[in-house]
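Asks: Submitted below is the structure of interest, expressed as structure tokens.
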Amino acid sequence: MADALKVGDLVRLVFGGRVVAIHSVDTTPGGTVMIGCGFVDQASVSKLPLPLGRRPTIH
Numbered sequence: 345m346a347d348a349l350k351v352g353d354l355v356r357l358v359f360g361g362r363v364v365a366i367h368s369v370d371t372t373p374g375g376t377v378m379i380g381c382g383f384v385d386q387a388s389v390s391k392l393p394l395p396l397g398r399r400p401t402i403h
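Residue numbers (this note's numbering): 345 to 403.
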């Protein structure tokens, strides 16, 4: 990934869909990055205590 994801980032997949919040990022011993995320209601995004400035794109 060009821009490393961090817990609290809000992202949207490049093919569209709902905004998700990253809640865990783990790297396996083999170098695979595993990301845990959950859907976010877009109407409430501005109310979340998350850093809204970082929105990297997931390919």
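Built from N, CA and C at the ideal position, the CB exists for glycine as well.
#1: For the beta strand (DSSP E) that residue 364 lies in, which residues bound it at each end?
#2: What separation, rounded to the nearest whole angstrom, lies between the Cα atoms of residue 373 and residue 356?
#3: Nearest to residue 368 by alpha carbon, out of 384, 348, 383 and 378?
#4: Am I right that residue 363 and residue 384 are in contact with their C-beta atoms under 8 Å? What's the rounded C-beta distance?
#5: Excluding the 5 residues preceding and the 5 following residue 370 in the sequence, name in chain order all residues of the same chain whose CB lies nearer than 7 Å to its CB.
Replies: Considering the structure as presented:
#1: What you label residue 364 is simply residue 20 of the sequence shown in a count that begins at 1. Taken as a continuous stretch (DSSP letters only), the beta strand (DSSP E) holding residue 364 covers 364 to 371.
#2: By one-based count along the sequence shown, residue 373 stands at place 29. By one-based count along the sequence shown, residue 356 stands at place 12. Between residue 373 and residue 356, the C-alpha separation is close to 27 Å.
#3: Walking along the sequence shown from the start, residue 368 turns up at place 24. Nearest C-alpha to residue 368: 378.
#4: One-based indexing of the sequence shown puts residue 363 at position 19. One-based indexing of the sequence shown puts residue 384 at position 40. Residue 363 to residue 384, Cβ: 5 Å. Contact.
#5: In the sequence shown, residue 370 corresponds to position 26, counting from 1. Around residue 370: 378.
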